[in-house]
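Notes follow the structure.
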């Protein structure tokens with residue numbers, strides 16, 4: 001970039017963020033082909049430019065909305081480059097936005113329809129950013145609660161439907177628009193916050209989600225699932241990649257809602273056989289949807305964004321079940337999705353392996369592998385024992401999370417034959433030194449805290 005000395009810092013920062021995002025959205029090979037420089041070098045240079053411009057624009061003191069918009073877009077991009085820094089700075093973005101009153105809906109402040117909609121997009125962009133970052137780095141549910149703001153979600157409209165002189169909000173579209181994916185993520189953020197906000201009551205039951213019975217929770221989840229499934233019911237053929245992106249994303253969220261409603265990791269959770277099977281199947285399907293988001297060529301141009309999301313609860317549920325019932329019926333399928341996701345994440349060029357939850361995941365994988373090996377060895381020994389000396393029962397499962405489930409009458413478990421198994425084993429062997437500092441011979445991995453949520457150990 002040349003001749004920037006005459007640009008205002010606020011404009012210079014915006015330009016550098018655009019450059020930074022454009023380079024980050026390319027693959028390393030495409031980047032070198034188009035720009036003749038390594039992607040890593042370009043990212044470092046443009047990031048330095050953003051940081052310098054934001055500092056010179058006096059971001060901590062200004063009331064300029066453009067500077068805050070630039071900062072939030074920067075943090076969104078950094079989710080796939082430096083997630084630790086993005087998480088640390090998200091709290092700052094929340095406070096800066098609150099200082100500017102972004103948490104209040106613009107129409108309540110008598111602002112123009114255009115200004116009100118721009119403020120909604122900015123505020124909800126921060127809300128979307130807050131949730132996954134908080135899960136990864138603190139095991140918490142985020143800085144923001146729904147009861148702490150009244151800003152409405154942004155409209156499902158195209159950018160061309162908005163202009164500064166409009167006198168009323170444009171009609172929302174049922175088709176896919178420029179904002180559809182963002183609207184879907186806003187919906188997911190709102191639903192998630194409703195589930196954890198004890199001060200937020202459901203209009204139908206007049207109860208918070210935490211106070212609902214199991215049947216009421218499942219009914220609530222069913223209503224929310226139908227709500228998002230019918231949200232974008234218009235033409236989808238003209239935007240096939242966006243439709244695939246939306247369907248995979250909403251599929252991931254719906255499966256998350258279904259198993260979170262049962263809260264299987266909560267201490268003392270008592271699920272019947274059908275519920276236990278459903279929870280495991282939902283967790284597997286959740287991770288399958290998530291894996292498709294990151295690998296399908298039709299949505300590869302979104303990978304810079306989607307690779308910043310991790311299905312920690314699904315990971316925890318599957319690993320808990322594989323540890324406590326190594327030969328469960330769906331074990332083969334469960335190991336496949338675990339291996340696929342672990343290899344995809346561990347081989348990532350970003351720093352996601354450093355997040356706190358990854359330590360729990362790697363400990364859980366190691367524990368489940370040891371349990372599986374032990375159970376296969378026990379079964380092999382049992383198969384060579386005369387039938388008259390075989391025990392009548394396989395023994396009780398470990399009483400933890402999903403594990404209070406009888407293991408009798410399980411079918412024989414075939415050795416895992418997975419195309420990614422070798423790659424996974426290589427990745428795992430590369431972490432042996434790291435794992436050795438975390439594990440002891442009697443290591444027990446527990447993914448849940450007192451409230452059943454996933455926490456860093």
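Residue numbers (our numbering): 1 to 457.
Cβ atoms here follow ideal geometry from the backbone N, Cα and C, with glycine treated the same way.
| query | result |
| --- | --- |
| Three CB pairs or more closer than 8 angstroms across the region 178-196 and the region 250-270 | yes |
| Residue 201 - DSSP class collapsed to helix/strand/coil | strand |
| Own chain, CB closer than 6 angstroms to residue 46, minus 5 neighbours either side, in chain order | 16, 19 and 20 |
| Three CB pairs or more closer than 8 angstroms across the region 70-79 and the region 98-113 | no |
| Alpha-carbon to alpha-carbon, residue 317 and residue 265 | 7 angstroms |
| Top-ranked residue by Cα proximity to residue 51, from 67, 63, 39 and 36 | 67 |
| Supposed close pair residue 94, residue 150 - CB separation, criterion 8 angstroms | Residue 94 to residue 150, Cβ: 16 angstroms. No contact. |
| Of the listed residues 243, 249, 247 and 286, nearest to residue 260 (C-alpha basis) | 286 |
| One or two residues paired with residue 151 in a DSSP bridge | Paired residue(s): none; residue 151 is not in a bridge. |
| Rounded C-alpha distance that separates residue 70 from residue 297 | 29 angstroms |
| Per-residue burial, residue 373 [other beta carbons within 10 Å of its own, 16 or more giving buried] | exposed |
| Same chain only: Cβ atoms within 7 angstroms of residue 152, ignoring 5 sequence neighbours per side | 105 and 120 |
| Residue 341, DSSP secondary structure in three states | helix |
| Status (buried if at least 16 other CB within 10 Å, exposed otherwise) for residue 312 | buried |
| Residues of its chain near residue 240, where Cβ-Cβ distance is below 6 angstroms and the 5 sequence neighbours each way are ignored | none |
| Among 115, 147, 176 and 159, the one whose alpha carbon lies nearest that of residue 167 | 115 |
| Simplified DSSP assignment, three categories, for residue 25 | coil |
| Through-space distance from residue 164 to residue 171, alpha-carbon basis | 16 angstroms |
| Other residues of its chain near residue 277: CB distance less than 7 angstroms, five sequence neighbours each side excluded | none |
| Distance between residue 207 and residue 455 (C-alpha atoms, nearest Å) | Confidence is the limiting factor: at residue 455 the pLDDT is only 29, short of 50, which leaves the residue's position unreliable and the question unanswerable from this model. |
| Anticipated Cβ contact below 8 angstroms, residue 227 with residue 193, distance rounded | No, residue 227 and residue 193 are not in contact; Cβ-Cβ is about 15 angstroms, not under 8 angstroms. |
| Between the CA atoms of residue 308 and residue 322 - distance to the nearest angstrom | 26 angstroms |
| Close-in-space but distant-in-sequence residues of the same chain around residue 411 (CB under 6 angstroms, 5 per side omitted) | In this prediction, residue 411 scores a pLDDT of 35, lower than 50, which makes its location untrustworthy; the coordinate-derived value is nonetheless stated afterwards. Nothing meets the Cβ criterion. |
| Unbroken alpha helix (DSSP H) run spanning residue 97, endpoints | 83-99 |
| Endpoints, alpha helix (DSSP H) assigned at residue 181 | 180-196 |
| Nearest-angstrom beta carbon gap, residue 195 and residue 205 [assumed within contact, 8 angstroms] | So it is not a contact: roughly 13 angstroms between Cβ atoms. |
| Inter-residue spacing [alpha-carbon to alpha-carbon] between residue 147 and residue 367 | 40 angstroms |
| Exposure of residue 34, with buried meaning 16 or more beta-carbon neighbours within 10 Å | exposed |
| Min CB distance residue 326 to chain B below 8 angstroms | Checking the listed chains, one finds no chain B in this structure; it contains a single protein chain. |
| C-beta contact flag for residue 365 and residue 334 at 8 angstroms | no |
| Distance between beta carbons of residue 275 and residue 293, contact taken as under 8 angstroms | Not quite, the Cβ-Cβ distance comes to about 27 angstroms (not below 8 angstroms), so this is no contact. |
| Burial state of residue 90, where buried means 16 or more other Cβ atoms lie within 10 Å | buried |
| Terminal residues of the alpha helix (DSSP H) in which residue 221 lies | 214-229 |
| Delimiting residues of the alpha helix (DSSP H) encompassing residue 171 | Counting along the chain, residue 171 falls outside any alpha helix (DSSP H), and DSSP gives it neither H nor E. |
| Own chain, CB closer than 8 angstroms to residue 337, minus 5 neighbours either side, in chain order | 284, 287, 288, 291 and 318 |
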